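Q: Take this structure first; my questions come after.
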Amino acid sequence: MSASISASHGDAGEADRPVLTITGATKRFGPVLALSEIDIAVRRGEILCLLGDNGAGKSTLIKCISGVHRLDSGTIVIDGQTTAIRSPAEARSAGIETVYQDLALFDNLTPAQNFFAGREIAGPKWLPRGLRFLRQRQMDCEAASLLAGLKVTLPRNDAVVAMMSGGQRQAIAVARSTVFARKVVILDEPTAALGLRESRQVLDLVARLRDQGNAVILITHNMEHVIELANRAVVLRQGRKVGELIPTAHNKQQLVAMIVGA
Ligand SMILES: Nc1ncnc2c1ncn2[C@@H]1O[C@H](COP(=O)(O)OP(=O)(O)OP(=O)(O)O)[C@@H](O)[C@H]1O
Ligand SMILES: [Mg+2]
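Read in order, the letters of the sequence shown correspond to residues 719 to 980 in my numbering.
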């Protein structure tokens, strides 16, 4: 196992091995069994859709992977190594980027400031003001060129995020993950409440995340998006995994039946 750790990014053997494997994931909130013995695995360059009705346990599962919650039992293996994820910071340093359902952008900051929030290159407050200003300019330029490179167009880059539409905000949050993602990107309903054009922009970014070689876990209720993007779909119901299949236009009804338990 350890011999393959040095394998390069594009190595064929490595591509076959799941970058993230969850086994026996179980989580209770008091009397509620939110997750019961869930197994999932996702590989580089693959989009795994996590499906299920409201309350099925999707967000709980991804929050356990991204360090917001701790599993009661179960293991998380990243690149062949069992990894304890005790905080969002630990998830991040293990290569897991998450775009949460309840968008994690700071309203009072610009896209550039949001991009680098928690990873500022502006330096500490005691730096001379001129130097801080230069670093701020550097972050603004980097964020603007990154957004342009991702074809995310904003009315202006220096406006605070509070003044942007839901779709623009969502696009910034997903774009941010494409820049910092190293292994695994988790997106919890990134197109919920978006219009057609805005959804398209976000879906294109999700495809880009996959094409960059990330393992992508996508939660969505939109079956068209599932069929368009998913390499595989895992269905949860009442905290249990009830099925896994490759979604196509032909088995859409089967997938819907699994979700609602018909
Ligand atoms: N912090 C919490 N405290 C207590 N119960 C919780 C908590 N978070 C989730 N739950 C419960 O766990 C179950 C699964 O919730 P979860 O948010 O994972 O569902 P979901 O599949 O993401 O649903 P949705 O599609 O509505 O987002 C629900 O019964 C929910 O009430
Ligand atoms: Mg949810």
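Each residue gets a CB set at the ideal place from its N, CA and C atoms; glycine is no exception. Bear in mind that the values here come from a model prediction, so they are computed numbers and not experimental data.
What residues match up with Lys-959 in a beta bridge as DSSP calls it?
A: Along the sequence shown, read from residue 1 onward, the residue named residue 959 stands at position 241. In the DSSP output, where bridge partners are listed per residue, Lys-959 has Leu-954.
Q: When you get a sec, list the residues whose CB is within less than 7 Å of any heavy atom of ligand 2, chain order please.
A: Chain-ordered list of matching residues: Lys-776, Ser-777, Gln-819, Asp-906, Glu-907, Ile-937.
Q: May I ask you to report which of helix, strand or coil DSSP gives Thr-966?
A: Here residue 966 is taken as the residue at index 248 of the sequence shown, counted from 1. Thr-966 falls in the coil class under three-state DSSP.
Q: Please state if the CB of Arg-900 and the CB of Gly-813 are separated by a distance shorter than 8 Å.
A: Walking along the sequence shown from the start, residue 813 turns up at place 95. Walking along the sequence shown from the start, residue 900 turns up at place 182. Contact flag set, yes.
Q: Pairs of beta-carbons, one from the stretch 853 to 870 and one from the stretch 795 to 810, closer than 8 Å: are there three or more?
A: These segments do not touch.
Q: Near Asn-949, what residues of its chain come up, given a Cβ to Cβ distance below 6 Å and the 5 sequence neighbours on each side ignored?
A: Counting from 1 along the sequence shown, the entry for residue 949 is found at position 231. Counting only Cβ-Cβ distances below 6 Å, and skipping sequence neighbours, we find Glu-764, Ile-765.
Q: Just to confirm the assignment, what range does the alpha helix (DSSP H) spanning Gly-885 have?
A: In the sequence shown, counting from the first residue as 1, residue 885 sits at position 167. Taken as a continuous stretch (DSSP letters only), the alpha helix (DSSP H) holding Gly-885 covers 884 to 898.
Q: Rounded to whole angstroms, what's the CA-CA distance from Ile-964 to Val-934? Just pull it up for me.
A: Locating residue 964 in the sequence shown gives position 246, where the first residue counts as 1. Locating residue 934 in the sequence shown gives position 216, where the first residue counts as 1. So the alpha carbons of these two residues sit roughly 15 Å apart.
Q: Going by beta-carbon coordinates alone, are Ile-937 and Lys-776 separated by less than 8 Å?
A: On the sequence shown, residue 937 is found 219 positions in, with the first residue counted as 1. On the sequence shown, residue 776 is found 58 positions in, with the first residue counted as 1. Yes.
Q: Looking at C-beta atoms only, is the number of pairs between the stretch 741 to 755 and the stretch 785 to 792 that lie closer than 8 Å three or more?
A: Flag = yes, the stretch 741 to 755 and the stretch 785 to 792 touch.
Q: Ligand 1 and Val-750: does the residue's C-beta get closer than 7 Å to at least one heavy atom of that ligand?
A: As a working mapping, residue 750 is identified with position 32 in the sequence shown. Yes, since a heavy atom of ligand 1 falls inside the 7 Å radius drawn around the Cβ of Val-750.
Q: In three-state DSSP terms, what is Lys-661?
A: With the chain covering only 719 through 980, there is no way to say anything about residue 661.
Q: Which residues in the same chain have their Cβ closer than 6 Å to the Cβ of Asp-876, if we skip the five residues on either side of it in sequence?
A: The residue you call residue 876 lines up with position 158 of the sequence shown. Excluding sequence neighbours, Asp-876 sits near Thr-828.
Q: Please say whether Val-879 and Leu-823 have beta carbons closer to each other than 8 Å?
A: The count along the sequence shown starts at 1 and reaches residue 823 at position 105. The count along the sequence shown starts at 1 and reaches residue 879 at position 161. Taking 8 Å as the Cβ cut-off, Leu-823 and Val-879 qualify as a contacting pair.
Q: If you drop the 5 nearest sequence neighbours on each side, which residues of the same chain put their C-beta closer than 8 Å to that of Asp-906?
A: What you label residue 906 is simply residue 188 of the sequence shown in a count that begins at 1. The answer, listed in chain order, is Lys-776, Ser-777, Ile-780, Thr-816, Val-817, Tyr-818, Gln-819, Ile-937.
Q: To the nearest angstrom, how far is it from the Cα of Asp-729 to the Cα of Cys-767?
A: Walking along the sequence shown from the start, residue 729 turns up at place 11. Walking along the sequence shown from the start, residue 767 turns up at place 49. Annotation note: pLDDT 49 at Asp-729 (below 50); position unreliable, coordinate value reported separately. Distance between the alpha carbons of Asp-729 and Cys-767 is about 25 Å.
Q: Could you check which residue in Ala-861, Ala-911, Glu-860, Gln-919 has the C-alpha nearest to that of Ala-889?
A: Counting from one through the sequence shown, the residue named residue 889 turns up at place 171. Selected option, being the one with the closest Cα: Gln-919.
Q: Go to Glu-764, then tell me how far its beta strand (DSSP E) extends in each direction, as first and last residue.
A: Reading the sequence shown from its first residue, position 46 is the one you call residue 764. Where Glu-764 is concerned, the enclosing beta strand (DSSP E) stretches over 764 to 769.
Q: Could you tell me how far apart the beta carbons of Phe-898 and Ala-861 are, in whole angstroms, since I believe they sit closer than 8 Å?
A: Numbered from its first residue, the sequence shown carries residue 898 at position 180. Numbered from its first residue, the sequence shown carries residue 861 at position 143. Not confirmed; about 12 Å, so no contact.
Q: If Val-924 and Leu-947 are in contact, beta carbons under 8 Å, what's the gap, nearest whole angstrom?
A: Taking the sequence shown and counting its residues from 1, one reaches residue 924 at position 206. Taking the sequence shown and counting its residues from 1, one reaches residue 947 at position 229. The Cβ separation is near 6 Å, so the contact holds.
Q: Cα separation between Asp-929 and Val-737?
A: Position 211 of the sequence shown, counted from the first residue, corresponds to residue 929. Position 19 of the sequence shown, counted from the first residue, corresponds to residue 737. Taking the straight line joining both Cα atoms gives about 15 Å.
Q: Along the chain, where does the alpha helix (DSSP H) containing Thr-778 start, and where does it finish?
A: As a working mapping, residue 778 is identified with position 60 in the sequence shown. From DSSP, the alpha helix (DSSP H) with Thr-778 extends over 776 to 783.
Q: Looking at ligand 1, does it come within less than 7 Å of Phe-747, judged from the CB to the closest heavy atom?
A: On the sequence shown, residue 747 is found 29 positions in, with the first residue counted as 1. Yes.
Q: Look up Ala-975 in the DSSP assignment and say whether it is helix, strand or coil.
A: In the sequence shown, counting from the first residue as 1, residue 975 sits at position 257. Ala-975: helix per DSSP, three-state reduction.
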